[in-house]
Amino acid sequence: METSNNVSTELQALVSRLKRGTSGIVPANGLEEKLAKAEKMGKPLNIKLGLDPTAPDIHLGFAVVLRKLRQFQDAGHQVIIIIGDYTALIGDPSGRSATRPMLTAEEINANARTYVDQLSVILDREKTLVRFNGEWLGKLDFAETVKLASRMTVAQVLQREDFANRYATHQPISLHELLYPLAQAYDSVAIEADIEMGGQDQTFNILAGRELQKEMGQDQQIGLFMPILVGLDGVKKMSKSIGNYVGIRETPDSMFGKLMSISDTMMRDYYILCTDVPEEEIAALLKQAETGETNPKDVKRRLAREIITIYHGADAAVQADNEWNRVHSAREIPTDMPEFSLTQAGLTEEKIWICRLLAEAKIAKGTGDARRLIEQGGVSLNGEKVTNVKADYSQEALIGVVLKVGAKRYLRLAK
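Going by this note's numbering, the first residue of the sequence shown is number 53, and it counts up by one from there.
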C-alpha cells in the first residue's frame, strides 16, 4: 500500500508540473488518466507536436511548447515531432484571412533540416523521434483520400472561426485548405498519438485528430494547449516577422536588453512560461514588486537572468546582467558594441556630413530623419551631444569615436 501511495504522490506531482502554464486540456481529466494508464502498463506515451517547416527560427514564444515537451521527455515519455513536409504543400490556414502560398519541395527540405538542428537546443535529441508526414500522406491514392475525407463533413470544417469568417465575407477558400485539418488529424492516427501539443490557434486541428482516431477505432489523444506568448510590444503574438521577439540563440546581452524592455504586467506570464522558477516564488516576487518592497526592475532582472541561464548558462546570465546594469545604471559605455566602417560605407570624402553618416549607418531612415534625431537631442559623439544638423567631420577625426543614438544604440566608428 505504501508503494502505491508513493507512486500516486509522484504522479500527482508530475501532473501538477505538466499542467503549469497550460491554457487548456481536452478532456479536462484526460492528462491524469493517460499518465496513470501509461504508468500501470509501463509503456511511454506518444507526445505529438506537428510543425510545418515554413519559418525555421526558434524564439521564446515557440520555446513555450518545446519546454513542455522536454518535461514529458524527462518523465520518460516519447516525443514525436511531425515535420509537415506534405501538409506544408497546403499551408496551414489557421488564423488566416487569405490562402497561404505553397512552398516548394526544396524550401520545405531546407527548412526542415534547420528545424531539426534548432530543436536540439531544448529537446533531448536522443529521445526525440522526428517523422515527416509525407511518409504516410504521400502513399495515399485518390480513392483512399476520398475515403478519408468521408470521415469529416464540410459543416465541421466551417465551424472553424477563420473559415467561417472568410465564408461569411465571401473570401475565397480553396478546396485544398479544407483538407488541412484532415491531414493533420491523420498524422495522429498514423503515429497513434496519446497527447498532441499545440497553441490555442491549433484547437480545431487537434480536436479533429481526436475525432478521427475515434472514427478509426483508436484511443483518443489528449489535446494539451499552451497559451500564446505576447511579444515585446505587449500587444501581438511573439513573431520574428513583426520584430517583437527574443531569439533563443541571440547573444546574452541582446536577450537581456530585450527582456528588460517588457512591461511590468507581462512579467508573470514570462516567469510562468519561460522559466522554471516555482510558482509560489514567482507570486512572492511579483507581490514584492507591486507593494514596493522590491524594485520591479530587480524582479525583471531576475527574470532575464533565469531565461538566459536556460540557453547560455549561469555565468553568461550574470555577465549580461552586470553589463546591462553598468550601461544603464552607471550610464557607462558598453564594452562590446558593433563597429561601422566608414570606408566600406563609402564615407571617404574630406568632410563627412553628420546626417549622411547617420543615414549610411542605418541609424536613420534618411538625412531628413537624421536631422530630426539631432534636433531632438538624441545624437552624441564620444559623449558630446551633436546640436548642429549641418556639422561635418573628417574621417580621421571620426575613427575610434563612439556614436550614440537614443538611450541604447551604440556604434564604434572605424576606418
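Where a beta carbon is used, it is the ideal one built from N, C-alpha and C, also for glycine. Treat the numbers as computed from the prediction; the structure is a model and nothing was measured.
For Y445: DSSP bridge partner residues: I404
Using the rule of at least 16 other Cβ atoms within 10 Å of the residue's Cβ for burial, across every protein chain shown, is T180 buried or exposed? buried
Residue interval of the beta strand (DSSP E) (run including A90): Looking at the DSSP string, A90 is not in any beta strand (DSSP E); the run it does join, the alpha helix (DSSP H), is 82-93.
Mark I132 as exposed unless 16 or more other C-beta atoms lie within 10 angstroms of its C-beta, in which case mark it buried. buried
Distance, L409 Cα to T395 Cα: 11 angstroms
Residue environment, Q265, which counts as buried when at least 16 other CB atoms sit within 10 Å: buried
With DSSP as the reference, please indicate the residues paired to N129 in a beta bridge. It is His, not Asn, that sits at residue 129 in the sequence shown. DSSP output for H129 lists no bridge partner at all.
Residue nearest to F215 in terms of C-alpha spacing, selected from D253, E248, E178, V370: D253
Bounding residues of the beta strand (DSSP E) (the contiguous stretch that carries V78): 76-78
Reduced DSSP category for S226 - H, G, I as helix; E, B as strand; rest coil: coil
Just reading off the beta strand (DSSP E) that Y462 is part of, what are its end residues? 461-466
Contained alpha helix (DSSP H) runs [length at least 4] in the segment 315-356, N- to C-terminal order: 319-326, 331-343
For H111, which residues does DSSP report across the bridge? G299
Helix, strand or coil at I294 according to DSSP, with G and I counted as helix: coil
Return the first residue and the last residue of the alpha helix (DSSP H) that N469 is part of. The shown model of the chain, from 53 to 467, leaves out residue 469, and the question about it has no answer.
For V241, does the three-state DSSP call read helix, strand or coil? helix
Am I right that D98 and D137 are in contact with their C-beta atoms under 8 angstroms? What's the rounded C-beta distance? This sequence places Asn at residue 98; Asp is not what is there. Their Cβ separation, rounded to whole angstroms, is 20 angstroms, which puts N98 and D137 out of contact at 8 angstroms.
So what does DSSP say about V438, is it helix, strand or coil? coil
Can you tell me which of the three DSSP states L264 falls into? helix
For G309, which residues from the same chain have a beta carbon less than 8 angstroms from its beta carbon, with the 5 sequence-adjacent residues on both sides left out? W376, K460
Does the segment 89-104 come close enough to the segment 240-259 that 3 or more CB-CB pairs lie under 8 angstroms? yes
Whole angstroms is fine: what's the gap from R212's alpha carbon to L234's? 13 angstroms
Straight-line gap, L355 to L230 (C-alpha atoms, nearest Å): 42 angstroms
Across the segment 349-366 and the segment 311-330, are there enough close Cβ pairs to call them in contact, namely three or more that are closer than 8 angstroms? yes
Going by the DSSP bridge assignment, what does S432 pair with across the sheet? K437, K456
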